[in-house]
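Working notes, structure below.
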Amino acid sequence: MISKASAPGKVILFGEHFVVYGTSAVLGAIDIRVTANSEIINENKIIIESDFGKISVHPKKPLNQVKTSFKPFLHIAKKMLVESKPNEGIKIKIESKIPPGVGLGSSSACCVAAAGAVSKLFSIHSKHDILNLAIEAEKTIFNETSGADNTICMYGGLIEYNTKKGFRKIDNTPDMQLLVINSGQIHSTKKIVKNVRTFRERNPQIFQKLTRMESRLIKKALQAIKENDLVTLGRYMVENQSYLEKIGVSTDRIRSILQIINNTTLGAKITGAGGGGCVIALADSSKIKQAVRQIKENDYDCFSAKIDFKGLDTF
Ligand code: MEV
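No gaps in the numbering here: position 18 of the sequence shown is 1247 in the working numbering, and each next residue is one more.
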């Protein structure tokens, strides 16, 4: 039996980085997906395959002895095999439409899709358990994850997320059209999160003040979402970007993109770790063609995205 699952990518509307230190964040799933196929095989092996290559590993081989970016998938397969089918194997194939390393949740969506597909092989359907497995998997490559990205990829829609309080689905979401602009600078989330930790250690008062400002901004942003006030929401995104600028995760290219779309979108900011990656802009429907033309004229890739309400889908 082949078990399939797909999970959406994500954007962070508010609160990246600050969420790692206990502030809430507002995230949305977007309509661009990863699909994972998995099956039990007779050989006692774990086989992982994607556009980035293929590996075959014995299920008992310790994870720290394997040098591969496929560690999250190995973790998922190992855990399930050891618990239930120690003499068999698992094959996982990942197909992703989400560009990696640019803040769109590629790695979290892969973890959620793989955890969903493999869990189904073992008749595990609890979203809570699948999410925990996906977070454990992500931690094999990025131990500091707040869990926010995996949670939005799992549940879809728009959520408010907090490491201590958990998450809450935001109902009655406005009809938001987003433009996602790729700076072309690939980042390592782990590295940028480490840089922010260093910034926080060196500038505790500044960081604390920004954390308080971010919390206040998020409360106001949630109100703007409730009132379907996209103009105000866009303004708050610009404000959030100024905090991200202060903690050092913006780049020249990000600043140049923000400048290009300043007058043709309602507001824009980094999504995810920064240090390059993507900018998300809240589109102004009357100026969207103009915005896209300006972005393309400046040789940046961009696509338009909508909120995806499905989250993890198994089939
Ligand atoms: C990365 O998409 C978001 C960060 O806040 C890290 C995290 O929450 O795990 C930078």
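Glycine included, each C-beta is placed from N, C-alpha and C at the ideal position.
*asked:* I'd like the span of the beta strand (DSSP E) that includes PHE1302, first residue to last.
replied: What you label residue 1302 is simply residue 73 of the sequence shown in a count that begins at 1. Per DSSP, PHE1302 lies in no beta strand (DSSP E); the unbroken alpha helix (DSSP H) holding it starts and ends at 1300-1313.
*Give every residue of the same chain whose Cβ lies closer than 6 Å to the Cβ of PHE1247, excluding the five residues on either side of it in the sequence, and list them in chain order.*
Locating residue 1247 in the sequence shown gives position 18, where the first residue counts as 1. Cβ within range, chain order: THR1440, GLU1443.
*asked:* Does the region 1527-1536 come into contact with the region 1494-1505, if we say contact requires no fewer than three beta-carbon pairs (one atom in each stretch) closer than 8 Å?
replied: At 8 Å Cβ cutoff, the stretches do not touch.
_Between the CA atoms of ILE1270 and PHE1243 - distance to the nearest angstrom_ = Along the sequence shown, one-based indexing puts residue 1243 at 14. Along the sequence shown, one-based indexing puts residue 1270 at 41. Cα-Cα distance, rounded: 43 Å.
*Who pairs with ARG1395 in a beta bridge, going by DSSP?*
Looking up residue 1395 in the sequence shown gives position 166. Residue identity check: residue 1395 is Gly in the sequence provided, not Arg. Looking at the DSSP output, GLY1395 bridges to ASN1391.
*Thinking just about the alpha-carbon of each residue, which of ASN1316, LYS1296, SER1298, ALA1265 is nearest to the one in PRO1288?*
Taking the sequence shown and counting its residues from 1, one reaches residue 1288 at position 59. Selected option, being the one with the closest Cα: ASN1316.
_Three-state class that DSSP yields for ALA1433 in the structure shown_ = Position 204 of the sequence shown, counted from the start, is the residue given in the question as residue 1433. Note that residue 1433 corresponds to Pro in the displayed sequence, not to Ala. When DSSP states are grouped into helix, strand and coil, PRO1433 belongs to the helix group.
_Relative to the C-alpha of LYS1314, which candidate in SER1337, GLN1294, LYS1274 has its C-alpha closest?_
Here residue 1314 refers to the residue found at position 85 of the sequence shown. Taking each of SER1337, GLN1294, LYS1274 in turn and checking the Cα distance to LYS1314, the smallest one comes out for LYS1274.
*Reducing DSSP to helix, strand and coil, say where ALA1453 ends up.*
Position 224 of the sequence shown, counted from the start, is the residue given in the question as residue 1453. Looking at ALA1453 - three-state DSSP - the assignment turns out to be helix.
*Considering only C-alpha positions, which residue in the set GLN1437, ALA1306, SER1336 is nearest to HIS1416?*
In the sequence shown, residue 1416 corresponds to position 187, counting from 1. Checking every option, the nearest Cα to that of HIS1416 belongs to SER1336.
_Using 9 Å as the threshold, is the C-beta distance between VAL1255 and ILE1241 below it?_
Along the sequence shown, read from residue 1 onward, the residue named residue 1255 stands at position 26. Along the sequence shown, read from residue 1 onward, the residue named residue 1241 stands at position 12. Yes.
*DSSP three-state call for PHE1428: helix, strand or coil?*
Along the sequence shown, read from residue 1 onward, the residue named residue 1428 stands at position 199. Three-state result, PHE1428: helix.
_Sheet register partners of ASN1491 (DSSP bridge)_ = Stepping through the sequence shown from its first residue, residue 1491 is reached at position 262. Beta-bridge pairing links ASN1491 to no other residue.
*Considering only C-alpha positions, which residue in the set THR1297, ILE1305, VAL1478, GLU1268 is nearest to ASP1358?*
What you label residue 1358 is simply residue 129 of the sequence shown in a count that begins at 1. Of the candidates THR1297, ILE1305, VAL1478, GLU1268, ILE1305 places its Cα closest to the Cα of ASP1358.
*Could you check what DSSP says for ALA1502 in three-state terms: helix, strand or coil?*
Taking the first residue of the sequence shown as position 1, residue 1502 is located at position 273. If DSSP states are grouped into helix, strand and coil, ALA1502 belongs with coil.
_Outcome for GLY1503 when other beta-carbon atoms lying within 10 angstroms are tallied against a minimum of 16_ = To locate residue 1503, count along the sequence shown from 1; it is residue 274. GLY1503 is buried by the Cβ-count criterion.
*Does the Cβ-Cβ distance between LYS1539 and GLY1385 come in under 9 Å?*
Taking the first residue of the sequence shown as position 1, residue 1539 is located at position 310. Taking the first residue of the sequence shown as position 1, residue 1385 is located at position 156. Taking 9 Å as the Cβ cut-off, LYS1539 and GLY1385 qualify as a contacting pair.
*Could you check how far apart the C-beta atoms of LYS1326 and ILE1261 are, in whole angstroms? I think they sit under 8 Å.*
Looking up residue 1326 in the sequence shown gives position 97. Looking up residue 1261 in the sequence shown gives position 32. Their Cβ separation, rounded to whole angstroms, is 5 Å, which keeps LYS1326 and ILE1261 in contact under 8 Å.
*Check whether the Cβ of THR1480 sits closer than 8 Å to any heavy atom of ligand 1, and report yes or no.*
Sequence index remark: in the sequence shown, residue 1480 carries index 251 (1-based). Checking the Cβ of THR1480 against ligand 1 gives no.
*Within the chosen definition, does the region 1458-1466 reach the region 1481-1492 through at least 3 CB pairs nearer than 8 Å?*
With the cut-off at 8 Å, the region 1458-1466 and the region 1481-1492 do not touch.
*Can you give the Cα-Cα distance for SER1479 and SER1412, rounded to whole angstroms?*
Along the sequence shown, one-based indexing puts residue 1479 at 250. Along the sequence shown, one-based indexing puts residue 1412 at 183. Roughly 11 Å between the two C-alpha positions.
*Starting from ASN1372, follow the alpha helix (DSSP H) in both directions and report where the run begins and ends.*
Against the sequence shown, residue 1372 aligns to sequence position 143. Under the DSSP assignment, ASN1372 falls outside any alpha helix (DSSP H); it carries neither an H nor an E label.
*How about ALA1346 and THR1543: are their beta carbons less than 9 Å apart?*
By one-based count along the sequence shown, residue 1346 stands at place 117. By one-based count along the sequence shown, residue 1543 stands at place 314. Cβ distance < 9 Å, so ALA1346 and THR1543 count as in contact.
*Starting from THR1461, follow the beta strand (DSSP E) in both directions and report where the run begins and ends.*
Start at 1 with the first residue of the sequence shown, and residue 1461 comes out as number 232. First-last for THR1461: 1459-1475, but that is the alpha helix (DSSP H), not the beta strand (DSSP E).
*Using the beta-carbon count (16 or more within 10 Å), is VAL1422 buried or exposed?*
Residue 1422 sits at position 193 when you count from the first residue of the sequence shown. VAL1422 should be labelled buried.
*What three-state label does DSSP hand VAL1331 in the structure shown?*
Counting from one through the sequence shown, the residue named residue 1331 turns up at place 102. Residue state for VAL1331 is assigned as coil, using DSSP reduced to three classes.
_Quick check on the burial criterion: 16 or more other C-beta atoms within 10 angstroms. Buried or exposed for ASN1293?_
Sequence index remark: in the sequence shown, residue 1293 carries index 64 (1-based). Answer is exposed; the Cβ neighbour count stays below 16.
_Proximity test, GLY1330 beta-carbon vs ligand 1 heavy atom, cut-off 8 Å_ = Along the sequence shown, one-based indexing puts residue 1330 at 101. For ligand 1, not one heavy atom lies less than 8 Å from the Cβ of GLY1330.
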